[in-house]
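Here is the structure we will look at.
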């Protein structure tokens, strides 16, 4: 664990020490050395688990100016900003001038000499980041369980009880009466004897966040999302980041109250100023300078892209020919057999539908040939039972297996009122998020069984068109008012419907029940409760690893896939079922061949 020389609790001390040492050697390249210092320490075994996470720990429990990490999605990109990279400060007592480093800071020390010739102005890029949309509860719990940050010594405010998760913290905010109830968990002596100051300190921070939230829209893509958002300050290679990238950022947390004071001053003075005298509108100032207690600033030291957000896979799993992939590959056939049986029970005994569901869940856009996305596989599962909310239960089971997902009931109200497509707000100079602004490989579950009679308005037509473009081209147009900009995506779309879907799909298979339970909801619940956590983890690992594996397709399979593009499997099944007993056996062999063919089709995207 980190020692008293703590690069986690005081990263600015490390940076300032290297800056001071570089004054004797201007060509030392101290900035690159500082970044390498943190990279090397974070790459040590389990070192990243020592760093507290904004995803797990409420903001008011974290030490300002400490090193934190954030698993997030880049939701918007703001304009670059200028800052004082180097400035000269005057000691008020001795009147001596000392050079200071302004990097990784939002607020400088007092006594800055603004007329100094040694001042160096630098540029940095600001990204607005939100938690990964639709991240499954089991993913959050697993990441929080892997963290060892609570053991790191800290001089910041230490709560008198165990740390809450963000979900618990938000529940406390929305239901204050719960704060007066006794905690179910173990209590410390100060809690037991009723330390009033400590309790007051615990409740003040969340209540202030609630007050701020009424003025600031956190701009989460999905409704009902919880967690923090942050302004990410990037100092180098910001061209390598793109909109909707999922990244894990390690940076210095900045929550200086001065930031909120400056924002309030801007709001107060904006009404007195001539709009022509200011380049920013009041709304833009409010969006780009939100209260630091609600939207902290994170100064990036190191960031790594997230090809997946499955905490059960080690970092080495993304490397081809790694020892982890080799050991996992030997078990994949057995796990697939178990997963096929599990899905067969979920799909009421339909083994062929279970085969295609597995193929859908491991599909991935691996390449784009001109406008054609290769690897996508949208599945339309028709014939779903309408009673007992079968589709909702089905989605909950899928949610337990994939890292990120979203359920969209295609009711007339949702289609006409929801904002699926992000839109540019030129008054606030920000991108207003939409429900389709999702990270790669997010499972989008479209429940078409909720359709009802009615008429789509302009918004509804736009939303349905966007869904069709996601399915067909894995891209859709963001609304920039004066023009439309197509942004590529990689979303796994599963459509559950009674009949043929109104939306396009790569494959439709009609569900044919082999069992008829009296209570479908209880039937699905019993299957899920009987599944052990270890078995579910195997399924979760299998579905993620299958996307990462690299494999080749033989010429024979390629010819078959190209010569026989997408077929309606409900027709194939009806023909097969009309055969004799021998024909039924041939159907089983044929289904296996069809599934083998479909694996190739996933890569060729017919």
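Numbering (the UniProt record's numbering), first residue to last: 1 to 606. Note that the Cβ used here is the ideal one computed from N, Cα and C, for glycine as well.
query, result
"Rounded Cβ spacing between residue 544 and residue 310 (contact assumed at less than 8 Å)", "4 Å"
"Whole-angstrom distance between residue 432 and residue 419, CA atom to CA atom", "9 Å"
"Helix, strand or coil at residue 390 [DSSP, three-state]", "helix"
"Per-residue DSSP class, three states only, for residue 461", "helix"
"Nearest candidate by alpha-carbon position, reference residue 68, set 235, 103 and 248", "248"
"Continuous beta strand (DSSP E) assignments of at least 3 residues falling wholly in the stretch 57-128", "67-77, 81-90 and 97-101"
"Neighbourhood of residue 412 by C-beta, 6 Å cutoff - its chain only, sequence neighbours within 5 removed", "452 and 454"
"Reference residue 96; option with closest CA among 439, 82, 112 and 105", "112"
"Identity of the residue in 535, 540, 295 and 306 nearest residue 129 by Cα", "295"
"Contact under 8 Å by Cβ, residue 133 with residue 225", "yes"
"Proximity of residue 14 and residue 34 at Cβ, strictly below 8 Å", "yes"
"Residue from 516, 515, 425 and 500 whose Cα sits closest to the Cα of residue 509", "500"
"Distance between residue 76 and residue 218 (C-alpha atoms, nearest Å)", "12 Å"
"Through-space distance from residue 245 to residue 465, alpha-carbon basis", "24 Å"
"Simplified DSSP assignment, three categories, for residue 146", "helix"
"The stretch 364-379 touching the stretch 101-119, judged by at least three CB pairs closer than 8 Å", "no"
"Own chain, CB closer than 6 Å to residue 486, minus 5 neighbours either side, in chain order", "475 and 477"
"Under the three-state DSSP convention, the category residue 403 falls into", "coil"
"Limits of the alpha helix (DSSP H) - the one that residue 39 falls within", "30-42"
"Nearest candidate by alpha-carbon position, reference residue 449, set 384, 39 and 490", "384"
"CA-to-CA distance, residue 137 to residue 145, given in whole angstroms", "12 Å"
"Residue 306 in three-state terms, based on DSSP", "coil"
"Three-pair Cβ contact test at 8 Å for the stretch 296-303 versus the stretch 38-50", "yes"
"Short Cβ contact (8 Å threshold) for residue 59 with residue 255", "yes"
"Pick from 99, 66, 108 and 427 that is closest to residue 282, judged by C-alpha positions", "427"
"Burial state of residue 297, where buried means 16 or more other Cβ atoms lie within 10 Å", "buried"
"Cβ pair residue 344, residue 404 closer than 8 Å", "no"
"Burial state of residue 173 (16 or more Cβ within 10 Å)", "Here the model assigns residue 173 a pLDDT of 48, short of 50, so the residue's position is not dependable, and the following value carries that caveat. When all chains shown are included, residue 173 counts as buried."
"8 Å Cβ shell around residue 64 - same chain, five flanking residues per side excluded", "156, 253, 254, 255 and 256"
"Chain-order list of residues whose beta-carbon lies under 7 Å from that of residue 527 (same chain, five-residue window excluded)", "345 and 346"
"Expected contact under 8 Å - CB spacing of residue 422 and residue 434 to nearest Å", "4 Å"
"According to DSSP, residues forming a beta bridge with residue 507", "379"
"Within 8 Å, strictly: CB atoms of residue 548 and residue 491", "no"
"For residue 387 and residue 62, the rounded distance between their alpha carbons", "48 Å"
"Option nearest residue 517 by Cα separation, candidates 531, 242, 533 and 390", "390"
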